[in-house]
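Here the numbering used here is used: the first residue of the sequence shown is -19, the next is one more, and so on.
Backbone N, C-alpha and C define an ideal beta-carbon position, used for all residues, glycine too.
Values in this document were obtained by computation on a predicted structure and should not be read as measured data.
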Amino acid sequence: MIDGGEAIRKLALNLARYSGLAPLARPFVGGIGAILMLHRVTATPEKPNGVNRHLNIAPAFLDRLIADMKGRGYAFVSLDEAIERIKMGGKGGQFATITADDAYRDNMTEALPVLEKHGAPITIYVAPGLIDGAVDLWWDVIEDIVDTSSRLTLTMAGKPTVIDCSTRGRKIQAVARLNAWLTVEVPEEEQGAALRELARSNGYQFGKGRPCTLMNWDELRAMAAHPLVTIGAHTVNHRNLKRLSEADARHEIGDVRRILEERLGEEPRHFAYPYGYASAVGCREVGFARDAGYVSAVTTRHGVLRAEHAGFLHALPRISVNGRYQSVAHIQTMLSGITTPLANAGKMVVTI
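Take a look at the structure:
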């Protein structure tokens, strides 16, 4: 099911491309390069029609996209080199670097062979709490709970609430409502307990759903040793930093460096803010990332890179390569730079 907003965005992308506006604008607004953002890369998702399918792209699409970008003159570089190119104002031609959030196992089993084929480096951002199972992939758990229920009961804002999950349309609405409840209404520190109470009170058993989709520490160590792979940090527990106290936010941003060094043998140089949107990262969090000693930090704000980003290395935008836009033509339009000001109230240099 395509929502209205998605349909409008695709229409705008097609209009920009086929009107000739995107290629015409590219020399003026295309910037110096781009950071691509992935999550899952698999040809066989557990739930191909699930509400979280937008997190996944097919390996064949990644292959086509990289080949197309290389054919258009993009050099695929490591994030370390990308940062140096930003500092130099983009000298050396247009470049791209690939990043992936959360350390899904298919990054190793299905994305890596594609990257090896093209010699394209990747930075994988890891949250140790997710790997250890201390925190849950709540977006998958909510989807699974809704999928196995026709109705859910829970307490929202102190009141008993019943959510209808009896049809496909109702399930989509239920997931959206529960996502908002868990990420906005429930305090960040209580998110895990609230999720488990939702499961318990509705008869859902953890561990009975889909298999673990994240890499384990042995797999991450093998990936860290690969010449194309850089491991970055994604907080300790995949927290929305803007919802935390200063002490807790600094712990999430700073202590993850020590944990990853202990586990993988090298301190991460790069950081990704979980969620990365306006209500998850602001000036305070950017300052914390800088204070923690990271070379760079990325958001999920939409945008290409410009020379001016040399002054904003801890608030870098990305181009999301996701299941909603598995079209080389759509990504080409995004890379033209024309969608950057459209998505950011006219801003060309997107930071926070």
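{"Query": "Going by beta carbon distance, what residues of the same chain come within less than 6 angstroms of residue 48, once the five residues before and after it are set aside?", "Result": "308"}
{"Query": "Straight-line CA distance for residue 223 to residue 270?", "Result": "19 angstroms"}
{"Query": "I need the DSSP call for residue -10, collapsed to helix, strand or coil.", "Result": "helix"}
{"Query": "Report all residues from its chain with a CB closer than 7 angstroms to the CB of residue 272; omit the five preceding and five following residues, and keep chain order.", "Result": "233, 234, 237"}
{"Query": "Spatial neighbours of residue -19 within its chain, please: CB distance less than 6 angstroms, with the 5 preceding and 5 following residues excluded, ordered by chain position.", "Result": "Note that residue -19 has pLDDT 46, beneath the 50 cutoff, so the model's placement of it is unreliable and no number is given."}
{"Query": "Output the distance between the C-alpha atoms of residue 0 and residue 56, rounded to the nearest integer angstrom.", "Result": "26 angstroms"}
{"Query": "Which whole runs of the beta strand (DSSP E) in the segment 33 to 107 are 3 residues long or more, in chain order?", "Result": "75 to 81, 102 to 106"}
{"Query": "From 198, 68, -9, pick the residue whose C-alpha is nearest to that of residue 88; which is it?", "Result": "198"}
{"Query": "Can residue -3 and residue 303 be called in contact, C-beta distance under 7 angstroms?", "Result": "no"}
{"Query": "Taking DSSP's pairing of strands, which residues face residue 124 in a bridge?", "Result": "Paired residue(s): none; residue 124 is not in a bridge."}
{"Query": "Whole-angstrom Cβ separation of residue 279 and residue 9, contact assumed at under 8 angstroms?", "Result": "Not really, about 19 angstroms apart at Cβ, beyond 8 angstroms."}
{"Query": "Pick from 255, 297, 39: whose alpha carbon is nearest that of residue 13?", "Result": "297"}
{"Query": "Helix, strand or coil for residue 139? Go by DSSP, reduced to three states.", "Result": "strand"}
{"Query": "With residue 181 as the anchor, note down where its alpha helix (DSSP H) starts and where it stops.", "Result": "171 to 181"}
{"Query": "Does DSSP put residue 231 in a helix, in a strand, or in coil?", "Result": "helix"}
{"Query": "Tell me the DSSP secondary structure of residue 303 in three-state form.", "Result": "helix"}
{"Query": "With three or more beta-carbon pairs closer than 8 angstroms as the criterion, would you say the segment 204 to 214 touches the segment 247 to 259?", "Result": "yes"}
{"Query": "Using the three-state DSSP reduction, which class does residue 342 fall into: helix, strand or coil?", "Result": "Residue 342 lies beyond the residue range present for the chain, which begins at -19 and ends at 332; the question has no answer from this structure."}
{"Query": "Nearest to residue 183 by alpha carbon, out of 246, 134, 78, 316?", "Result": "134"}
{"Query": "Using a threshold of 6 angstroms, is the CB atom of residue 143 nearer than that to any non-hydrogen atom of the ligand MN?", "Result": "Although the ligand MN was asked about, the structure shown includes no ligands whatsoever."}
{"Query": "Would you mind giving the Cβ-Cβ distance between residue 230 and residue 268, rounded to the nearest angstrom? I have them listed as a contact below 8 angstroms.", "Result": "5 angstroms"}
{"Query": "Identify which residue in 203, -5, 62 has its Cα closest to the Cα of residue 72.", "Result": "62"}
{"Query": "So, using beta-carbon positions, are residue 143 and residue 154 closer together than 7 angstroms?", "Result": "yes"}
{"Query": "Suppose the cutoff is 6 angstroms on Cβ atoms and the five residues either side in sequence are ignored; what does the same chain contact list for residue 340 look like?", "Result": "In the structure as shown, the chain begins at -19 and stops at 332. Residue 340 is therefore absent and cannot be evaluated."}
{"Query": "By the DSSP assignment, the beta strand (DSSP E) with residue 278 in it spans what residues?", "Result": "276 to 282"}
{"Query": "Rounded to whole angstroms, what is the Cα-Cα separation between residue 176 and residue 169?", "Result": "13 angstroms"}
{"Query": "Whose C-beta lies closer than 8 angstroms to the C-beta of residue 123 among residues of the same chain, with five residues either side of it excluded?", "Result": "27, 30, 31, 32, 155"}
{"Query": "Rounded to a whole number of angstroms, what is the C-alpha to C-alpha distance between residue 326 and residue 180?", "Result": "46 angstroms"}
{"Query": "Helix, strand or coil: which one does DSSP assign to residue 272?", "Result": "coil"}
{"Query": "Is the beta carbon of residue 324 closer than 7 angstroms to that of residue 260?", "Result": "no"}
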